[in-house]
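To start, the structure under review is shown below, and the notes come after it.
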Amino acid sequence: MRNVCLAADDFRGFPIGEFPYDPDHTAMGEYQYVTPEGNPGIWVDQVCNYTWNGTGPTWIITEQDGRHAMECTRVEKNHPHRMFPTLQTGQTVWKDYDAEVTLRRLSLRGSAGLAFCMNHSMDTLVFSFEGKDRLCIAYRHKEEVRILCECPIACDADTDYHLRVSLQDGHADCFVTGGGEEAGRLSLDHELVARGGKVGLTADCPTRFTDFSVCVSEETAEAEDIPTLLLRFYDRVRDSGGIFSRVEEIQPGYVLSVAASGMELIPVWQFLTDGGTWYYDYRGDRVLTISG
Numbered sequence: 015m016r017n018v019c020l021a022a023d024d025f026r027g028f029p030i031g032e033f034p035y036d037p038d039h040t041a042m043g044e045y046q047y048v049t050p051e052g053n054p055g056i057w058v059d060q061v062c063n064y065t066w067n068g069t070g071p072t073w074i075i076t077e078q079d080g081r082h083a084m085e086c087t088r089v090e091k092n093h094p095h096r097m098f099p100t101l102q103t104g105q106t107v108w109k110d111y112d113a114e115v116t117l118r119r120l121s122l123r124g125s126a127g128l129a130f131c132m133n134h135s136m137d138t139l140v141f142s143f144e145g146k147d148r149l150c151i152a153y154r155h156k157e158e159v160r161i162l163c164e165c166p167i168a169c170d171a172d173t174d175y176h177l178r179v180s181l182q183d184g185h186a187d188c189f190v191t192g193g194g195e196e197a198g199r200l201s202l203d204h205e206l207v208a209r210g211g212k213v214g215l216t217a218d219c220p221t222r223f224t225d226f227s228v229c230v231s232e233e234t235a236e237a238e239d240i241p242t243l244l245l246r247f248y249d250r251v252r253d254s255g256g257i258f259s260r261v262e263e264i265q266p267g268y269v270l271s272v273a274a275s276g277m278e279l280i281p282v283w284q285f286l287t288d289g290g291t292w293y294y295d296y297r298g299d300r301v302l303t304i305s306g
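Residue numbers (my numbering): 15 to 306.
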């Protein structure tokens, strides 16, 4: 049961108005860290286009019937090159989660949905409406969009649609419900699903998002509690007499181990340090191997 929430937002914590942004839409805001005026909450907006200068924010917070929503305002998305406005949250180590959001399409002339297994906004899987009659899972890499699977769907601008992406190992199940009924579903087996990653709201046309959440099982949450994981890893390395001074990268993975019943794959965290590469079995709380 996936009842541990990694992130959730109904956007009530934001005042009605503009989401914090770089008003000049400069390259500084795209390639370097610019402290926004205001509180962005759990969200990061790293999609920038200098031609938007003077056009206001990409995202605004709106309200209807007492519900707050995050709304994409962009209409022009192909000048000077293809753009995909995206608000992202989370960590690249997130895996095996359920990501959900409710959206209303204020325009049917474009794309709107959930980005998942994100490295960043130009390297991500996307579950989205495309135009007025297609539902797709696509891989976005820079300006390229590769459709991995799709199905027809009838949608309109008057219905709230609930999107859910459910990941397990290298498999993704993606669902849409509208008007209380299932409107479409897609499934995908892909190595990009297995890598996991951040989650995002994405649209290149006016779209309203609300009731966002990302949840995992208790077992997955324990594995992805990075601060606690680091402390336990440090303790086990110290117990083994290992020495290093800096962790450079952490990645999830597997090691092949010999067991009484035969060979088995053990899920581990791979720690790349200045003292070599360590493999930590977080379930067994032990350091398995080290390579120089």
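Quick reminder that beta carbons are idealized off the backbone N, C-alpha and C, glycines included.
Going by beta-carbon coordinates alone, are Gly192 and Met132 separated by less than 7 Å?
no
Just list the beta strand (DSSP E) runs in the stretch 114-146, keeping only unbroken ones of 3 residues or longer that don't cross its boundaries, in chain order.
Those beta strand (DSSP E) runs which fall completely within the stretch 114-146 and span 3+ residues are 125-134, 137-144.
What whole-angstrom Cβ distance do Leu101 and Cys229 have, given they're in contact under 8 Å?
With 8 Å as the limit, Leu101 and Cys229 do not qualify as a contact, their Cβ atoms being about 19 Å apart.
Quick one: what's Phe189 bridged to in DSSP?
Arg178, Arg199
Mind checking whether Thr221 and Leu117 have CB atoms under 7 Å apart?
Taking C-beta atoms as the reference points, Thr221 and Leu117 count as a pair closer than 7 Å.
Taking C-alpha atoms, which residue in Cys169, Tyr111, Asp170, Phe98 lies nearest to Ser135?
Phe98
Apart from the five residues just before and just after Pro54, which ones in its own chain have a Cβ nearer than 8 Å to its Cβ?
Phe33, Pro34
Pro367: which of Val89, Tyr153, Glu196 sits nearest, CA to CA?
Lying outside 15 to 306, the shown extent of the chain, residue 367 is not represented and no answer is given.
Counting only the same chain and skipping the five closest in sequence on each side, list residues whose C-beta sits under 6 Å from that of Glu114.
Excluding positions up to five away in sequence, the list reads Arg178, Ser227.
With a threshold of 16 other CB atoms inside 10 Å of the CB of Tyr64, please say whether the residue is buried or exposed.
exposed
For the alpha helix (DSSP H) containing Arg209, name the first residue and the last one.
205-209
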